[in-house]
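Here's the structure we're looking at; comments come further down.
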Amino acid sequence: MASRRSYSSYNDGCAAAHALDLIGERWTLIVVRELLLGPKRFADLQRDVLGISPTVLSQRLRDLESRGIVERHTLPAPARVDVYELTEWGSRLEAVNAALSLWAVASPDLPWDADMSPDTLVLAMRAHARGDVELTQPARINLRLTDSRLPNAEPVSYVASVTPELTTIEKAPSPGPVDAEVVATTASWKACILGGVSLDDQADATATGSDAAIEALIRATRLEAAPEAPSSRSMVGNG
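Note that the sequence shown covers residues 0 to 238 in numbering that gives the first Met the number 0.
This is the structure in structure tokens:
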């Protein structure tokens, strides 16, 4: 099959056009998205990117490696498996992913009822995270999300740190001391963070520890209303 011509072959020197040559093929930016929070095995990517075939995933990873966006490493014994990780340059694509998310949230055709992987949902939180001025002291929250799309999925752990100035969320299997913990399916947490539905109304979510810390995390990462965005009422069915 003939390869797609690059924009530069049409004498287009625009840097944005070159970016599309690098990451504009179907599935490429989705694969990058799933690596933004840390390295993953091929099997992890196959699990998290629903709909991609092993052949296409292999090709996209090879392309990303050849372009200096992804690196492949072999874990030491006893694992001895290959993992894929973004390079320092590749990790800067989180800003691109965030900008696209913030732009597309105003689309009237955004599939609000569709689910998301745990990493994708956390990236959405990071895209519009801000500080919480109502906090009297910093708060740390362990967030454990189970992928609603997959049967028997294992929860993925993240730790969020909220201050009046900013909020950070990182993947953290061992988060250390925290003020609170939220355990939820991605559908329930998405309904809360992106749809404005109360966490108390989510049957597939439990919260322990400081209520103030959890409320601060929700205030600091909940999607604010966007022009032309659908009403949050359309998200209620996700819980």
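Note that beta-carbon positions come from the ideal geometry of N, C-alpha and C, so glycine has one too.
All values reported here derive from a predicted model rather than from experimental measurement.
Would residue i be called buried (16 or more neighbouring beta carbons within 10 Å of its own) or exposed?
i: Cys13; result: exposed
i: Ser147; result: buried
i: Trp111; result: buried
i: Trp88; result: exposed
i: Val181; result: buried
i: Ser52; result: exposed
i: Asn96; result: buried
i: Tyr9; result: exposed
i: Ala15; result: exposed
For the candidate residues the options, whose alpha-carbon lies nearest to that of residue i?
i: Thr162; options: Ser57, Pro172, Ala171 and Ala128; result: Ala128
i: Leu216; options: Gln45, Leu109, Tyr83 and Pro137; result: Pro137
i: Thr50; options: Leu144, Ala212 and Arg25; result: For the record, residue 50 in the displayed sequence is Gly; it is not Thr. Ranking Leu144, Ala212 and Arg25 by Cα distance to Gly50 puts Arg25 first.
i: Ile184; options: Ala202, Thr86, Ser173 and Thr167; result: Per the sequence shown, the amino acid found at residue 184 is Thr instead of Ile. Of Ala202, Thr86, Ser173 and Thr167, the residue nearest in Cα terms is Ala202.
i: Ile18; options: Pro172, Leu92, Pro117 and Asp47; result: Reading off the sequence shown, one finds Ala at residue 18, where the question assumed Ile. Residue Leu92 is the option with its Cα nearest to Ala18.
Output needed for residue i: all residues of its chain with C-beta closer than 8 Å, excluding positions within five of it in sequence on either side, in chain order.
i: Asp20; result: Ser5, Tyr6 and Ser7
To which residues of the same chain is residue i closer than 6 Å at the C-beta, ignoring the five residues directly before and after it?
i: Arg66; result: Leu21
i: Asp81; result: Arg71 and Thr73
i: Tyr164; result: Here the sequence assigns Glu to residue 164, which means Tyr is not the residue at that position. So the qualifying residues of the chain are Gly130.
i: Thr119; result: none
Please state if the CB of residue j and the CB of residue i are separated by a distance shorter than 7 Å.
i: Gly37; j: Lys170; result: yes
i: Asp192; j: Arg218; result: Before going further, note that residue 192 is Ile rather than Asp in the sequence given. Taking 7 Å as the Cβ cut-off, Ile192 and Arg218 do not qualify as a contacting pair.
Which whole runs of the alpha helix (DSSP H) in the region 9 to 72 are 4 residues long or more, in chain order? 14 to 22, 27 to 32, 41 to 47 and 53 to 65
Give the list of continuous beta strand (DSSP E) stretches no shorter than 3 residues that lie fully inside the region 183 to 224. Listed in chain order, they are 204 to 208.
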